[in-house]
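In our numbering, the protein residues as written are 1429 to 1545. Don't be surprised by glycine CBs; every beta carbon is placed ideally from N, CA and C. From a predicted model like this one, the values you see are computed outputs, not experimental measurements. Working notes, beginning with the structure itself.
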């Protein structure tokens, strides 16, 4: 019982003091100033840009291929409805453009000098 009382008092003293960041040793620094990130964070940021454009365009290519097969079979079975089956090709192209726009937006938010978490 005595041990827990002393332990709880030590915890209160420890957590009652203002917290000082381990990244910035000066206590008078601006707390709103962002600390620079590791080089690995920039790597993963640019990998996000790369994966956004690569996977979106892979999906667009797959969707275009599948809908191309559908257009071919539609041209054989119901030639009057071929124009209606072009809509999935347009939607697959929109998916590729969406990936490009996402990559440009992510890339626009990253600057070499001020890139931070």
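Nearest residue (CA-CA) to residue i, options the options
{"i": "residue 1484", "options": "1538, 1522, 1434, 1533", "result": "1522"}
{"i": "residue 1524", "options": "1433, 1466, 1490", "result": "1490"}
Close Cβ partners of residue i (< 7 Å) along its chain, the five nearest in sequence each way excluded
{"i": "residue 1450", "result": "Caution is warranted here: a pLDDT of 49 is assigned to residue 1450, below 50, making its placement in the model unreliable, and no coordinate value can be reported."}
{"i": "residue 1476", "result": "1534"}
{"i": "residue 1487", "result": "1523"}
{"i": "residue 1532", "result": "none"}
{"i": "residue 1510", "result": "1499, 1502, 1503"}
Under the three-state DSSP convention, the category residue i falls into
{"i": "residue 1450", "result": "Note that residue 1450 has pLDDT 49, beneath the 50 cutoff, so the model's placement of it is unreliable and the number below is only indicative. DSSP places residue 1450 in coil when its eight states are reduced to three."}
{"i": "residue 1494", "result": "helix"}
{"i": "residue 1538", "result": "coil"}
{"i": "residue 1532", "result": "helix"}
{"i": "residue 1510", "result": "coil"}
Exposure label - residue i; buried when at least 16 CB within 10 Å
{"i": "residue 1402", "result": "With the chain covering only 1429 through 1545, there is no way to say anything about residue 1402."}
{"i": "residue 1514", "result": "exposed"}
{"i": "residue 1520", "result": "buried"}
Contact check, residue i vs residue j, beta carbons under 7 Å
{"i": "residue 1527", "j": "residue 1480", "result": "yes"}
6 Å CB neighbourhood of residue i in its chain, flanking five on each side removed
{"i": "residue 1516", "result": "1495"}
{"i": "residue 1538", "result": "1473"}
Check: residue i C-beta below 6 Å from any heavy atom of the ligand FAD
{"i": "residue 1530", "result": "For the structure depicted, the ligand FAD is absent and the ligand set is empty, with no information on it obtainable."}
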